[in-house]
Amino acid sequence: METTGRSYSRHMEDEYEKFIRRMNPPRVVIDNESCKNATIIQVDSANKHGILLEVVQVLTDLNFIVTKAYISSDGGWFMDVFNVTDPEGNKITDEGILDYIQKVLGSETSFTTSIKSVGSDRTVIELIGTDRPGLLSEVCAVLTHLKCNVLNAEVWTHNTRAAFIVQVTDDESGLAVTEPDRLSVIKQMLSNVLKGSNKARGAKTVVSHGAIHTERRLHQMMLEDRDYERNNSDSGLSEPELQRPDVNVVNWYDKDCSVVTIRCKDRPKLLFDTICTLTDLEYVVFHGHVDAEGPKAYQEYCIRHIDGSPVKSEAERQRVIQCIEAAIERRVSEGLKLELCTTDRVGLLSDVTRIFRENSLQVTRAEVTTRGGKAVNTFYVRDASGYPVDSKIIDSIRKEIGQTILKVKLNPRDSDQSPQESPTRFLFGGLFKSKSFCNFGLIRSYS
């Protein structure tokens, strides 16, 4: 009876949230006049757990750069204000994109079905296991052998672990692979590849057809895999090279909440990565401030657990810190960036990654997409032995694949960081400085 009661209560709560949302649809205001170097997007909506992530996900999927953000929620209402630009630092002026923002963020339904969600017209394969040189090549070879065409894929590696989300179709029909026996073989053969000879940590293979958001799911997979648990002896990167982010968590007892502060080198999608992790750890951000106008980003969030409590113990505090650090580092791409653009064909990814493996290059991150019959792939590679990538090897690989097909994109070295500030210097300071935003005039008191 207790279980039935809880299920019924939860159902009623969900229906109540839907009713409130229908009665109070989100209000979206886009302002291109108040700030000379950014577009201001304000979203007011009925509050619910996860809504902040949904909004940030929409902006991130549009490749917007968030230079400033103010986050506030008060009881049943929620307000976010973002300064955004395109990747080149320009305001957002395309009417089609502005209309899309209004339509999606102003919808009475959830925003989560985004432009980067995976549809049901393809088979989605999720893989996670111990990283090693040549792993991506082996996975691609198996899929090619099993008559699967890779349409899109994303690969993240962190702390000796590797996570893949691969979208495939049958190479003859172009449709999703649905036969149970065939799916069972695919799953079994990929599981064997992932396990390899390393029995120290487990491997997991999941095949599905439901709609997912790739980057959102990769964060969830690696968090569930506990990639945040460090083993220094396993790390191939020294501390200075890794440049770990500065994350701190303190309790603000007067307000019965915890304050998370993050300082690190800025990069696209940083806000999405940190909000993803706080949401997956079941914390609610009810006030926050983000400043990423310079080379370093600063974020501060006032959080409570969904049960209303602040961080309760030192062990919980350390876990929050480690999980946020891991979320930021997953996207830090060590190594040389290679971009491949050519006509797509079955087995292309298998051939390219085989060439990388034969030349002792390890793929640390990869983004594989196909658009209009074109393959547009990005690989981050490093020498499998830990040495800098030999330029002669890259030249040889480019000659084999094609000079115009495979291009090198140099990663500029991180600029020297300024000395560390006092841990409490910026604590909520930004929240009370309206000049941090361009004429927002929206800063609210905590009281």
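Mind the numbering: the sequence shown is residues 1 to 447 in the UniProt record's numbering, read in order. Ideal Cβ positions, reconstructed from N, Cα and C, are used throughout, including at glycine.
Checklist entry - Using a threshold of 7 Å, is the CB atom of I186 nearer than that to any non-hydrogen atom of the ligand NAD? => result This structure does not include the ligand NAD; it has no bound ligands of any sort.
Next on the checklist: Suppose contacts are defined by Cβ-Cβ distances below 8 Å. Is V360 in contact with S385 by that definition?
Outcome noted: Inspection of the sequence shows that residue 360 is occupied by Ser rather than by Val. Yes, they are a contact pair.
Next on the checklist: By the three-class DSSP mapping on this structure, what secondary structure does N192 have?
Outcome noted: helix
Checklist entry - Contact between the segment 362-373 and the segment 398-412: three or more CB pairs below 8 Å? => result no
Item to check | Own chain partners of S391 with C-beta closer than 7 Å, once the 5 adjacent residues on each side are dropped | outcome: none
Item to check | Residue interval of the alpha helix (DSSP H) (run including S396) | outcome: Where S396 is concerned, the enclosing alpha helix (DSSP H) stretches over S391 to I401.
Item to check | Nearest residue (CA-CA) to T93, options I30, V81 and N159 | outcome: I30
Checklist entry - Taking the alpha-carbon positions, what's the R230 to N159 distance? => result The straight-line gap from Cα to Cα measures roughly 7 Å.
Next on the checklist: Helix, strand or coil, according to DSSP, for S72 in the structure here?
Outcome noted: strand
Checklist entry - Helix, strand or coil for L143 per DSSP? => result helix
Checklist entry - Rounded to a whole number of angstroms, what is the C-alpha to C-alpha distance between V185 and H49? => result 39 Å
Next on the checklist: Which same chain residues end up closer than 6 Å to R398 when comparing Cβ atoms and leaving out the 5 residues on each side of it in sequence?
Outcome noted: L406
Checklist entry - Would you call the CB atoms of T279 and L53 closer than 8 Å? => result yes
Checklist entry - Is T261 near E300, with beta carbons less than 8 Å apart? => result yes
Next on the checklist: According to DSSP, is H209 part of a helix, a strand, or is it coil?
Outcome noted: coil
Checklist entry - Just checking my contact of residue 451 with V28 at CB under 8 Å: how many whole Å lie between their CB atoms? => result No answer is possible for residue 451: the residues shown for the chain start at 1 and end at 447.
Checklist entry - Under the rule that 16 or more other beta-carbon atoms within 10 Å means buried, what is C148, buried or exposed? => result buried
Checklist entry - Taking the Cβ atom as the reference point for each residue, do H287 and S45 lie within a distance shorter than 8 Å? => result no
Checklist entry - C264 and K312: beta carbons closer than 8 Å? => result At least 8 Å separates the beta-carbon of C264 from that of K312.
Next on the checklist: Considering only their Cβ atoms, is the gap separating V168 from V139 smaller than 8 Å?
Outcome noted: no
Checklist entry - When DSSP labels each residue in this structure, what does P35 get in the three-state scheme? => result Residue 35 is actually Cys in this sequence, not Pro. Three-state result, C35: coil.
Item to check | Simplified DSSP assignment, three categories, for P240 | outcome: Only weak support is given to the placement of P240: the predicted model assigns it a pLDDT of 40, under 50, and the question is left unresolved by the model.
Item to check | Extent of the continuous beta strand (DSSP E) run through residue 481 | outcome: This structure gives no information on residue 481, because the portion of the chain shown stretches from 1 to 447.
Checklist entry - If you draw a straight line from the alpha carbon of E325 to that of H289, how long is it in whole angstroms? => result Cα atoms of E325 and H289: separation of roughly 18 Å, rounded to the nearest angstrom.
Checklist entry - Measuring CA to CA, which of Q403, K374 and R357 is closest to V389? => result Here the closest residue by C-alpha is R357.
Item to check | Neighbourhood of T342 by C-beta, 8 Å cutoff - its chain only, sequence neighbours within 5 removed | outcome: Excluding sequence neighbours, T342 sits near L348, K374, A375, G402 and I405.
Item to check | Runs of beta strand (DSSP E) wholly within the segment 252-317 (minimum 3 residues, chain order) | outcome: 257-265, 283-291 and 296-305
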